[in-house]
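Numbering (full-length UniProt numbering), first residue to last: 1 to 190.
We treat Cβ as the ideally placed atom computed from N, Cα and C, and that holds for glycine.
Working notes, structure below.
Written as structure tokens, this is what we have:
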């Protein structure tokens, strides 16, 4: 079961990104469980001892928020459609709030956890690809990235809410399911 949670969290980290402070620079993940690294060529460059499932989930959720915010910031200057810009503004606000809730839930875990967002190579590549697009090309690529990211996050949240080990993080995950479902539906409509 722990391997399943680590895998779910890792998959979410691969597809998603978390929130960062404005002065932080997104980084590439290198802290990956050995069993995940063996099955995931996109995982970090070096494998270190496996984090607890709660830490892995918190990191994946934070990474998800980071990815959503960083890609959505690009929409302010590169999106062509007003509805894409509006969606992006909503994502920045919502994922900033999600990060704050995650930090509270993680600090309430026993032992306390500090989420450590770290974009994967795939997320970095998606971000770089979006930086090279504008107008309708950006809108299409951004919408696809948002659908993929929100679907992976939704799957990870549902998995942790069902069988996670830290009660505060399980509550956070379950509470975020309706919000992420709404975001996924909005992204599909872009």
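Nearest candidate by alpha-carbon position, reference residue i, set the options
i           : options               : result
residue 69  : 173, 110, 165 and 146 : 146
residue 124 : 149, 104, 97 and 135  : 149
residue 140 : 59, 66 and 75         : 75
residue 126 : 116, 93, 71 and 136   : 71
residue 135 : 90, 187, 77 and 108   : 77
residue 85  : 73, 185, 95 and 67    : 73
residue 143 : 159, 81 and 103       : 81
residue 102 : 181, 182, 129 and 58  : 58
residue 122 : 182, 94 and 67        : 67
residue 161 : 130, 172 and 152      : 172
Sub-8 Å separation of residue i and residue j beta-carbons
i           : j           : result
residue 164 : residue 54  : yes
residue 157 : residue 87  : no
residue 63  : residue 118 : yes
residue 112 : residue 169 : no
residue 100 : residue 138 : no
residue 181 : residue 154 : yes
Start and end residues, alpha helix (DSSP H) containing residue i
i           : result
residue 158 : 135–163
residue 178 : 167–188
residue 114 : Premise fails: residue 114 is in no alpha helix (DSSP H) and is neither H nor E.
residue 72  : 53–78
Under the three-state DSSP convention, the category residue i falls into
i           : result
residue 119 : strand
residue 106 : helix
residue 81  : coil
Length of the line joining the Cα atoms of residue i and residue j
i           : j           : result
residue 51  : residue 61  : 14 Å
residue 187 : residue 109 : 32 Å
residue 177 : residue 184 : 10 Å
residue 89  : residue 167 : 31 Å
residue 98  : residue 65  : 7 Å
residue 174 : residue 116 : 20 Å
residue 114 : residue 107 : 7 Å
Interface flag, residue i vs chain B, CB-CB below 8 Å
i          : result
residue 84 : Here there is only one protein chain, and chain B is not present.
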